[in-house]
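Have a look at the structure below, then the notes.
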Amino acid sequence: MINLNNCPTVADTKRAFYKGFPYVIAPSHRTVLNELLVELFLLSPQTDIGSDPLFAVGLIQFFGVLTKHYQPQNHRMLLFEALCNSIGFDSFNLRQIRKESLSELSQYNIEELHSWSLTGADNSEILFTKTFIPIKRRFHYSRLMAIGLLCLIKRARGVETLEAKELYYLTHNLAEKMGFIRERIDRDLSVYIDTIEKMAAIIDMIPKITKKD
Numbered sequence: 015m016i017n018l019n020n021c022p023t024v025a026d027t028k029r030a031f032y033k034g035f036p037y038v039i040a041p042s043h044r045t046v047l048n049e050l051l052v053e054l055f056l057l058s059p060q061t062d063i064g065s066d067p068l069f070a071v072g073l074i075q076f077f078g079v080l081t082k083h084y085q086p087q088n089h090r091m092l093l094f095e096a097l098c099n100s101i102g103f104d105s106f107n108l109r110q111i112r113k114e115s116l117s118e119l120s121q122y123n124i125e126e127l128h129s130w131s132l133t134g135a136d137n138s139e140i141l142f143t144k145t146f147i148p149i150k151r152r153f154h155y156s157r158l159m160a161i162g163l164l165c166l167i168k169r170a171r172g173v174e175t176l177e178a179k180e181l182y183y184l185t186h187n188l189a190e191k192m193g194f195i196r197e198r199i200d201r202d203l204s205v206y207i208d209t210i211e212k213m214a215a216i217i218d219m220i221p222k223i224t225k226k227d
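Heads up: the sequence shown runs through residues 15 to 227, numbered per the numbering used here.
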């Protein structure tokens with residue numbers, strides 16, 4: 015029988031995070047980082063989710079968006095390591111998986127992705143081999159996987175020829191081939207884009223507020 019008393023709580027995870035990063039975090043970043051911390055805590059019971067390429071790419075990309083203008087910049091790596099350690103993820107392994115996955119996708123062109131998104135062919139050498147997208151997903155869906163999928167597709171050769179709507183259409187089609195729900199992908203990518211815009215707006219306001227004070 016599992017002893018629930020030994021299972022870490024959200025509060026335990028937050029304490030571990032702030033112990034690992036004992037520096038003041040500005041309110042503009044503290045709220046979004048706390049939200050990400052809770053999201054990762056809820057995903058952590060899925061054994062080995064940290065080895066999933068979509069998750070690794072999506073997490074690092076989203077963290078990068080949230081902390082793009084974080085000051086001092088040399089604290090960003092410390093933040094990421096503290097975040098991962100508090101959940102039990104290996105930050106080095108996540109970065110390595112991301113690097114390998116992005117490199118793999120750069121070997122394909124956008125026409126190949128289009129073809130696979132329409133046919134879902136799995137009869138020979140599947141695009142996205144060992145580290146990218148297995149036909150049978152091992153983990154429950156997370157918005158970080160949608161972000162990861164989009165980032166990986168952007169590495170394909172010729173992707174610059176696509177308009178934004180074509181890029182998202184391809185992302186949706188590929189997501190469906192993996193068993194993801196199209197509506198959730200659409201919602202989560204929309205929220206992701208909104209987050210990028212909101213973070214940029216917040217950062218733009220900081221110099222004005224500081225100058226006024």
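Just so it is clear, CB atoms sit at the ideal spot from N, CA and C, and this is done for glycine as well. A quick note: this is a predicted structure, and the numbers were derived from the prediction, not measured.
The beta carbon of E190 sits closer than 7 Å to those of R196, all from its chain and outside the five residues before and after it, given in chain order.
DSSP places R171 in the strand class (E or B) of the three-state scheme.
Counting C-beta pairs with one atom in each stretch, the segment 72-82 and the segment 152-162 have three or more that are closer than 8 Å, which means they touch. With respect to L57, L158 sits close: the two C-beta atoms are nearer than 9 Å.
Apart from sequence neighbours up to five positions away, the residues of its chain that approach F103 with a beta-carbon distance below 7 Å are G64, ordered along the chain. Take the alpha-carbon of L184 and the one of M192: they are about 13 Å apart.
L127 and K33 have their C-alpha atoms roughly 44 Å apart. By the Cβ rule, the segment 110-118 does not count as touching the segment 79-87, because fewer than three pairs are nearer than 8 Å.
Annotation for P86: no alpha helix (DSSP H) segment contains it, and DSSP assigns it neither H nor E. If one requires a minimum length of 4 residues, the alpha helix (DSSP H) runs lying completely within the segment 56-81 are 67-80, in chain order. Taking a 10 Å sphere around the C-beta of F31, we find 16 or more other C-beta atoms and assign the residue as buried.
The Cβ-Cβ distance between F153 and L92 does not fall below 9 Å.
With respect to the 9 Å criterion, R171 and N123 are classified as neighbours on the basis of their beta carbons.
P67 is classed as buried because its beta carbon has at least 16 other beta carbons within 10 Å across all chains shown.
Secondary-structure assignment with DSSP links N123 through a beta bridge to R171.
Beyond the five residues adjoining it in sequence on each side, F194 comes within less than 7 Å, by CB distance, of Y155 in the same chain, given in chain order.
Excluding sequence positions up to five before and after H186, its CB lies within less than 8 Å of the CB of R196, I199 and D200, all in the same chain and listed in chain order. The three-state secondary structure of I39, taken from DSSP, is coil. Contact annotation: V24 and F55 have beta-carbon atoms nearer than 9 Å.
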